[in-house]
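So the structure is just underneath, and the comments pick up after that.
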Amino acid sequence: MKKVFIALVPLSVFIGLIVLLYVNLNNHSEVLPSPLIGKKIPQFEHPTLYSNQVLNQDDFIGQPWMLNVFGSWCPSCQFEHPLVTALANSGKIKVVGLNWKDEPEDAIKWLKRWGNPYHEILVDYQGDTAINLGVYGAPETFLIDAQGTIVYKIAGVLTEKNIQQELMPLIEQMNQGATNP
Amino acid sequence: MLASIGQFLLILSLTTAVVLMLLPMIGYYKNNDSLMRTGRPLAYLLFVLVFSTFAILVSLFVLQDFSVTYVWQHSSLALPLRYRITATWGAHEGSVLMWITVQALWIAAVARYSRSLSLSQISRVLSVLGIIATGFIAFVLFASNPFEITNPAPLDGRDLNPLLQDFGMIIHPPLLYFGYVGMSVAFSLAVAALIGGQIDEKWIRWSRRWTNLAWAFLTIGIILGSWWAYYELGWGGWWFWDPVENASFLPWLAGTALIHVQAVSERKNAFRGWTVLLAIIAFSLCVLGTFLVRSGSITSVHSFAADPFRGIFILVLLAIYAGGALTLYALRVNQLKSKDAINLESKETMLLGNSLVFITATFTILLGTLFPMIFEAMGKKISVGSPYFGLMFFLIMIPMAVLLPLGAQMKWHKDKMSSAVKALLPHFFIAGLLTVLAYFAFDGLNLRATAGVFGGFWIASTSIMQIIKFPGKPNAGFIGMSVAHLGVAVFLFGMSMTEHKDVEKDLLLKPGQTTQVAGYDFTFNGVTSIQIENYRAQQGSILVSQDGQPLVELHPQKRHYPKQQQPMTEADIYPGFTKDIYVSLGEQINDKGDWAVRIYIKPFIRWMWFGGLMMMAGALIALFNKRNKRLEQQQVDQVMKERLKLS
Chain A
19 MKKVFIALVP
29 LSVFIGLIVL
39 LYVNLNNHSE
49 VLPSPLIGKK
59 IPQFEHPTLY
69 SNQVLNQDDF
79 IGQPWMLNVF
89 GSWCPSCQFE
99 HPLVTALANS
109 GKIKVVGLNW
119 KDEPEDAIKW
129 LKRWGNPYHE
139 ILVDYQGDTA
149 INLGVYGAPE
159 TFLIDAQGTI
169 VYKIAGVLTE
179 KNIQQELMPL
189 IEQMNQGATN
199 P
Chain B
5 MLASIGQFLL
15 ILSLTTAVVL
25 MLLPMIGYYK
35 NNDSLMRTGR
45 PLAYLLFVLV
55 FSTFAILVSL
65 FVLQDFSVTY
75 VWQHSSLALP
85 LRYRITATWG
95 AHEGSVLMWI
105 TVQALWIAAV
115 ARYSRSLSLS
125 QISRVLSVLG
135 IIATGFIAFV
145 LFASNPFEIT
155 NPAPLDGRDL
165 NPLLQDFGMI
175 IHPPLLYFGY
185 VGMSVAFSLA
195 VAALIGGQID
205 EKWIRWSRRW
215 TNLAWAFLTI
225 GIILGSWWAY
235 YELGWGGWWF
245 WDPVENASFL
255 PWLAGTALIH
265 VQAVSERKNA
275 FRGWTVLLAI
285 IAFSLCVLGT
295 FLVRSGSITS
305 VHSFAADPFR
315 GIFILVLLAI
325 YAGGALTLYA
335 LRVNQLKSKD
345 AINLESKETM
355 LLGNSLVFIT
365 ATFTILLGTL
375 FPMIFEAMGK
385 KISVGSPYFG
395 LMFFLIMIPM
405 AVLLPLGAQM
415 KWHKDKMSSA
425 VKALLPHFFI
435 AGLLTVLAYF
445 AFDGLNLRAT
455 AGVFGGFWIA
465 STSIMQIIKF
475 PGKPNAGFIG
485 MSVAHLGVAV
495 FLFGMSMTEH
505 KDVEKDLLLK
515 PGQTTQVAGY
525 DFTFNGVTSI
535 QIENYRAQQG
545 SILVSQDGQP
555 LVELHPQKRH
565 YPKQQQPMTE
575 ADIYPGFTKD
585 IYVSLGEQIN
595 DKGDWAVRIY
605 IKPFIRWMWF
615 GGLMMMAGAL
625 IALFNKRNKR
635 LEQQQVDQVM
645 KERLKLS
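Taken in sequence, the protein lines are chains A and B.
Using my numbering, you'd call the opening residue of the first sequence number 19 and step up by one each time.
Using my numbering, you'd call the opening residue of the second sequence number 5 and step up by one each time.
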């Protein structure tokens with residue numbers, strides 16, 4: 019009898035371990051895709067590309083907007099460019115570009131060639147805001163509501179699929195919220 | 005197109021693994037020879053399929069096929085070819101694919117080199133390996149498929165994490181996987197033995213060689229990881245007690261206990277249940293390590309993106325493998341009776357003691373690793389760091405160092421403790437004397453370093469004595485053991501010196517400025533910008549000289565990879581037999597070109613890794629033991645005779 023009991027010890031310890039790991043895993047499963055979602059957009063102050071006007075986060079309060087991180091050095095940005103253009107032209111959302119670690123002349127040349135869909139372009143020459151936003155690589159896109167809260171983030175290129183399935187529902191929702199508060 | 009073939013091969017692999025899991029085992033239960041014989045061919049087929057799948061993923065990286073999600077996420081047009089190949093296992097999906105590739109290789113090797121096992125034994129072993137393969141291939145297919153497609157394909161990828169664009173990272177994961185997966189052989193043998201309710205010496209002898217091999221791979225994998233962290237992370241550390249490092253260290257500790265206990269149980273009908281249990285623990289810790297790394301349950305520099313589904317999947321696999329094995333253990337272990345009596349004063353007792361020390365170390369470190377989780381489950385947050393691990397490990401290793409020479413000295417079966425102690429006593433004093441000399445030669449050592457250095461001398465001195473006094477021609481088993489034990493001595497010495505006598509200086513240097521650290525002059529000749537392959541680097545130039553004689557010019561770099569917002573600190577090291585000179589760049593302080601520079605002197609740090617290499621070499625040398633070969637040949641003859649009689 020005693021022998022049987024001893025033989026059960028490893029199994030019992032193991033079951034305890036599995037329970038612990040399971041509980042722990044569940045604690046972690048609520049982690050959001052980005053820790054910034056649901057938080058206010060970090061403070062920034064950037065000149066715009068075509069003027070010396072300096073804008074900060076408060077200048078965008080009042081309507082929902084989309085921040086698209088891009089650079090002329092980034093081939094994937096060029097790839098998603100037609101989709102960004104289409105979104106901006108749809109008039110459903112204000113589209114702001116964050117020109118990241120780019121030479122302004124290069125950016126202007128690039129926009130001249132491929133077209134400039136952006137309602138506003140912020141120049142993040144040092145990359146400070148990109149760091150604050152946890153940008154991992156260009157392109158990345160953030161949805162921000164009228165109060166300046168980050169609602170959603172897409173790391174990587176925009177595609178028809180993620181625009182239709184992920185962005186558009188949120189944009190519609192925000193627009194409704196803005197019209198009837 | 006290629007990706008679809010990969011996907012298809014993956015499905016075929018899963019099917020084959022399922023068949024391998026079922027057929028030989030059904031054959032075993034129905035006593036059907038032809039079903040049992042399917043094991044070996046299925047094992048070879050599985051290897052061919054899985055290996056081809058892996059080769060296809062490598063080709064997708066080489067060909068830059070960005071329609072494959074995994075490829076564009078971890079490669080880019082500018083990435084050099086060598087890193088495109090290694091990017092294959094640079095992130096989660098590919099690394100699990102590599103896991104199963106390595107496992108398929110082990111299974112094929114087991115099928116090939118197992119002539120000494122009877123058909124009923126090998127069929128059970130292969131079938132258990134098939135269970136493991138099935139779980140992990142299913143994991144790749146359903147939870148981490150590397151062949152998923154992005155449509156439309158991006159024009160360029162996101163580049164590989166710069167930390168992984170490095171030679172050490174090319175070979176560290178495969179070797180570690182060889183070790184992890186290799187432990188599954190001892191595990192499958194243990195489970196197969198429990199299924200049959202019996203285990204004999206021949207079987208343990210066979211499994212011991214595989215365990216040795218797996219342990220050697222684990223050792224070199226861990227050493228490479230440590231070496232990589234040292235030169236790549238730029239803080240000059242070599243071990244951080246990071247949860248993922250612990251995850252690789254735990255199976256190593258349990259494996260160390262296992263190979264020592266196997267030495268007893270292959271000779272005598274003793275410690276059979278303990279051998280089986282240790283084999284189960286060692287492999288379960290490998291799977292647990294995989295879980296910890298992949299689930300995001302713990303935070304670590306190694307953790308890949310958190311994905312709860314993956315976590316659950318591996319947790320279920322762990323529950324099935326370890327839970328199943330331990331249930332079998334609880335039911336059957338009392339059938340594996342150990343009949344031979346063990347004398348208290350014998351090598352057997354010492355080896356049992358060794359396994360207890362190592363298993364205590366295993367559980368202490370496991371507890372430390374899981375402690376933050378236990379607290380979190382109760383709603384608190386704590387972090388357990390190197391002070392805990394360092395101290396606990398030090399305390400547990402004291403009996404190890406003291407007893408090691410005694411265990412090596414004692415004879416099998418029956419010996420007198422007093423005569424062994426008598427033979428060793430002079431070396432206790434020799435080691436003491438050498439330690440005192442070292443104490444003064446290195447301007448004093450603290451308590452831990454003194455203990456470590458003494459332990460090193462004590463083990464080295466006694467091992468050398470045992471080699472000299474060995475009666476007759478030493479066999480490979482003895483040579484392997486001695487080399488490994490001398491490795492422990494070299495490691496202990498190197499580690500103690502590095503930990504306690506290193507010099508670390510964080511300095512602000514102006515261009516042209518010379519500063520003195522530990523008797524060396526460091527002249528900072530400024531920083532220039534250069535462009536190399538897929539990154540830009542700011543490269544410092546530091547001339548090291550001693551007594552006015554220039555010694556070496558070091559070029560530490562601060563690298564910037566444009567695609568990944570992660571600056572990389574690339575240290576430059578002047579390695580030496582007794583010390584490393586280690587220089588890395590901090591931050592630029594101002595426009596005048598002043599930089600923060602770290603200068604480290606790391607005494608005897610190479611000895612640590614060299615000691616580890618000796619341990620690995622020892623395990624490999626022991627594979628060539630003639631005694632084992634002879635006994636195995638007898639066993640093969642026996643199996644063949646039985647087979648002929650049957651037909």
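For glycine and all other residues, C-beta sits at the position ideal for the given N, C-alpha and C.
Since the structure is predicted, the reported quantities are computational estimates derived from the model, not experimental observations.
Closer than 8 angstroms at the beta carbon, the chain A residues around Gly-337(B):
According to the sequence shown, residue 337(B) is Val rather than Gly. Scanning chain A for C-beta atoms nearer than 8 angstroms to the C-beta of Val-337(B) yields Ala-25, reported in chain order.
Would a check of beta-carbon distances place Glu-557(B) closer than 8 angstroms to chain A?
Interface residue (Cβ-Cβ distance to chain A less than 8 angstroms): Glu-557(B) is not classified as such.
Would Asn-42(A) count as contacting chain B if we go by Cβ distances under 8 angstroms?
Taking Cβ atoms only, chain B reaches closer than 8 angstroms to Asn-42(A), which makes this a yes.
Per-residue DSSP class, three states only, for Pro-515(B):
The answer is coil: DSSP assigns Pro-515(B) none of H, G, I, E or B.
Name, please, each residue of chain B whose Cβ falls closer than 9 angstroms to the Cβ of Ile-36(A).
What Ile-36(A) touches in chain B: Leu-319, Leu-322, Ala-323, Ala-326 and Gly-327.
Would you check if the region 580–589 of chain B and the region 197–216 of chain B touch, i.e. whether three or more CB-CB distances between them fall below 8 angstroms?
No, the region 197–216 of chain B is not in contact with the region 580–589 of chain B.
For Glu-63(A), I'd like the list of residues in its chain whose CB is within less than 7 angstroms of its CB, leaving aside the five on either flank, ordered along the chain.
Closer than 7 angstroms at the Cβ level, and outside the excluded window around Glu-63(A), lie Val-72 and Asn-74.
Is Pro-28(A) near Leu-330(B), with beta carbons less than 8 angstroms apart?
A distance below 8 angstroms separates the beta carbons of Pro-28(A) and Leu-330(B).
Cα-Cα separation between Thr-519(B) and Met-501(B), rounded to whole angstroms
In a straight line, the C-alpha of Thr-519(B) is about 24 angstroms away from that of Met-501(B).
For a test of the three-state rule: what should DSSP assign to Ser-79(B), helix, strand or coil?
Assignment of Ser-79(B) by DSSP, reduced to helix, strand and coil, places it in the coil class.
Nonlocal neighbours in the same chain, by C-beta distance under 8 angstroms from Ile-463(B), ignoring five residues either side:
Within its own chain, the residues whose Cβ lies closer than 8 angstroms to the Cβ of Ile-463(B), once the five positions on either side in sequence are excluded, are Ala-405, Leu-408, Pro-409, His-489, Leu-490, Val-492, Ala-493 and Leu-496, listed in chain order.
Determine the burial state of Asn-35(B): buried for a count of at least 16 other Cβ atoms within 10 Å of its Cβ, exposed for fewer.
It counts as exposed.
What are the residues in the region 263–296 of chain B lying within 9 angstroms of chain A by C-beta distance?
Per Cβ criterion, the list reads Gly-277, Leu-281, Ile-284, Ile-285, Ser-288, Leu-292, Phe-295 and Leu-296.
Thr-527(B) - containing alpha helix (DSSP H), residue span:
Counting along the chain, no alpha helix (DSSP H) covers Thr-527(B); the unbroken beta strand (DSSP E) around it starts and ends at 524–536.
Taking 8 angstroms as the CB-CB limit, is Pro-135(A) close to chain B?
No - not a single Cβ of chain B is within 8 angstroms of the one on Pro-135(A).
Arg-586(B), enclosing beta strand (DSSP E) - first and last residue:
A small fix is needed here, since residue 586(B) is Tyr in this sequence, not Arg. Unbroken beta strand (DSSP E) run through Tyr-586(B): 583–592.
If we ignore side chains and look at the alpha-carbon of each, how far apart do Gly-89(A) and Val-185(B) end up?
In a straight line, the C-alpha of Gly-89(A) is about 44 angstroms away from that of Val-185(B).
Going by DSSP in three states, Met-5(B) sits in which element: helix, strand or coil?
Per DSSP, reduced to three states, the secondary structure at Met-5(B) is coil, with no helix or strand assignment.
Using a Cβ cut-off of 7 angstroms, pull out every chain B residue sitting near Val-175(A), in sequence order please.
Taking the beta carbon of Val-175(A) as reference, the chain B residues within 7 angstroms of it are Pro-158, listed in sequence order.
Outcome for Ala-218(B) when other beta-carbon atoms lying within 10 angstroms are tallied against a minimum of 16
The residue in question, Ala-218(B), is buried, as its Cβ has 16 or more Cβ neighbours within 10 Å.
If you count every other CB in all the chains shown that lies within 10 Å of the CB of Trp-104(A), and 16 or more means buried, which is it?
The question names Trp, but residue 104(A) in the sequence shown is Ala. The residue in question, Ala-104(A), is exposed, as its Cβ has fewer than 16 Cβ neighbours within 10 Å.
Pick helix, strand or coil for Gln-68(B), following the three-state DSSP scheme.
Three-state result, Gln-68(B): coil.
At which residues does the beta strand (DSSP E) containing Pro-571(B) begin and terminate?
Annotation for Pro-571(B): the continuous beta strand (DSSP E) segment containing it runs 571–574.
Go through its chain and collect everything with a Cβ distance to Cys-92(A)'s Cβ below 7 angstroms, but skip five positions before and after it.
Counting only residues of its own chain and dropping the five nearest sequence neighbours on each side, Cys-92(A) has a CB closer than 7 angstroms to the CB of Ala-156 and Pro-157.
Start and end of the alpha helix (DSSP H) containing Leu-116(A)?
Per DSSP, Leu-116(A) is not a residue of any alpha helix (DSSP H); the beta strand (DSSP E) it occupies stretches across 112–118.
State the Cα-Cα distance for the pair Asn-358(B) and Met-401(B), rounded to the nearest angstrom.
Near 10 angstroms, if we compare the C-alpha coordinates of Met-401(B) and Asn-358(B).
Would you mind telling me which residues of chain B sit closer than 8 angstroms to Leu-29(A), beta carbon to beta carbon, in chain order?
Scanning chain B for C-beta atoms nearer than 8 angstroms to the C-beta of Leu-29(A) yields Gly-327, Leu-330, Thr-331, Tyr-333 and Ala-334, reported in chain order.
Using the Cα positions of Ile-189(A) and Tyr-40(A), report the straight-line distance between them to the nearest angstrom.
The straight-line gap from Cα to Cα measures roughly 36 angstroms.
Given Gly-597(B) as reference, the closest of Pro-515(B), Ser-588(B), Val-556(B) and Arg-209(B) once Cα atoms are compared:
Relative to the Cα of Gly-597(B), the nearest Cα in the group Pro-515(B), Ser-588(B), Val-556(B) and Arg-209(B) belongs to Pro-515(B).
Cβ shell of Leu-340(B) (< 6 angstroms), same chain only, five flanking positions each side left out:
Cβ within range, chain order: Ile-203, Arg-276 and Gly-277.
Please report the distance separating the alpha-carbon of Leu-101(B) from that of Asp-551(B).
Each residue's Cα considered, the two are about 54 angstroms apart.
Answer with yes or no whether the minimum CB distance from Lys-112(A) to chain B is below 8 angstroms.
Output row for Lys-112(A): interface = no.
Relative to the C-alpha of Met-620(B), which residue among Met-469(B), Trp-256(B) and Leu-589(B) is closest?
If we check each option's Cα against that of Met-620(B), Trp-256(B) comes out closest.
Residue range of the alpha helix (DSSP H) that Asn-74(A) falls in?
Per DSSP, Asn-74(A) lies in no alpha helix (DSSP H); the unbroken beta strand (DSSP E) holding it starts and ends at 72–74.
Which residues of chain A have a Cβ atom closer than 8 angstroms to the Cβ of Ile-378(B), listed in chain order?
Residues of chain A with a Cβ closer than 8 angstroms to the Cβ of Ile-378(B) are, in chain order, Leu-38.
Would you verify that the beta carbon of Pro-566(B) is, or is not, closer than 8 angstroms to some beta carbon of chain A?
Yes, contact with chain A.
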